[in-house]
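Peer 1: Below is a structure I'd like to ask you about.
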Amino acid sequence: MTNDTSSTLATAMQRLHQSLDTLDKAVEQKLAHGAAQPATADADALVEEATRDYAERVSILEAECDNFTQENEALREENIRLSNQLQQLQDEHIQLKQVTDKATEKLDSTIKQLDLIAEG
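With this note's numbering, the residue at position 67 of the sequence shown is 67, and numbering never jumps.
The structure is reproduced here in structure tokens:
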């Protein structure tokens with residue numbers, strides 16, 4: 001997760017908490033006034049505004065969550081691809097090592113035979 005997406009998520013969560021606080025205040029105000037007197041238009045408007053704000057922020061968080069899910073899936077696929085590529089390179093390295101070991105043995109054997117011929 002990048003700093004930019006972390007910052008955006010933190011900001012969205014902060015806004016969500018603010019919306020919840022506003023909604024809580026509106027509910028408290030409505031309950032306080034509702035028990036003593038009929039609900040006022042201000043309290044209703046405050047509840048409606050808080051509800052809209054909450055819904056908007058939830059929508060933003062859901063969109064960000066979807067983006068993070070897509071980014072996570074892309075990173076998983078890249079990880080699998082790189083893991084497979086690494087395994088292939090390791091297998092090739094082992095094969096090359098075996099070939100060079102055999103070539104070294106063959107060269108050593110040939111050099112010994114040439115030394116024997118030169119001495120003999």
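The C-beta atom is built at its ideal place from N, Cα and C for all residues, glycine as well. What you are looking at is a predicted structure, and each value in this text was computed from that prediction instead of being measured.
Looking only at C-alpha atoms, which of Glu28, Asp53, Ile94 and Ala32 sits nearest to Met13?
Peer 2: Start at 1 with the first residue of the sequence shown, and residue 13 comes out as number 13. Among Glu28, Asp53, Ile94 and Ala32, the Cα nearest to that of Met13 belongs to Asp53.
Peer 1: Can you give me the C-alpha to C-alpha distance between His17 and Ala63, rounded to a whole angstrom?
Peer 2: Reading the sequence shown from its first residue, position 17 is the one you call residue 17. Reading the sequence shown from its first residue, position 63 is the one you call residue 63. Whole-angstrom Cα-Cα distance: 17 angstroms.
Peer 1: Give me the Cα-Cα distance between Ile117 and Leu107, rounded to the nearest whole angstrom.
Peer 2: Taking the sequence shown and counting its residues from 1, the one referred to as residue 117 is at position 117. Taking the sequence shown and counting its residues from 1, the one referred to as residue 107 is at position 107. Distance between the alpha carbons of Ile117 and Leu107 is about 15 angstroms.
Peer 1: Hey, out of Gln90, Ile60 and Asp24, whose CA is closest to Val160's CA?
Peer 2: The question about residue 160 has no answer, for the chain in this structure spans 1 to 120.
Peer 1: Just mark Ser59 as buried or exposed, buried being the case when its beta carbon has 16 or more other beta carbons within 10 Å.
Peer 2: For the purposes of this step, residue 59 is taken as the residue at position 59 of the sequence shown. Flag for Ser59 reads exposed.
Peer 1: If you draw a straight line from the C-alpha of Asp115 to the C-alpha of Thr100, how long is it?
Peer 2: In the sequence shown, the residue the question calls residue 115 occupies position 115. In the sequence shown, the residue the question calls residue 100 occupies position 100. Using only the alpha carbons, I get a separation of about 22 angstroms.
Peer 1: Can you tell me whether Ala43 is buried or exposed? The criterion is at least 16 other CB atoms within 10 Å of its CB, across all chains shown.
Peer 2: Residue mapping note: residue 43 aligns to position 43 of the sequence shown, counting from 1. Result: buried.
Peer 1: Do you know whose CA, among Arg15, Ala10, Thr11 and Ala45, lies nearest Val27's CA?
Peer 2: The sequence position of residue 27 within the sequence shown is 27, counting from 1. Selected option, being the one with the closest Cα: Ala45.
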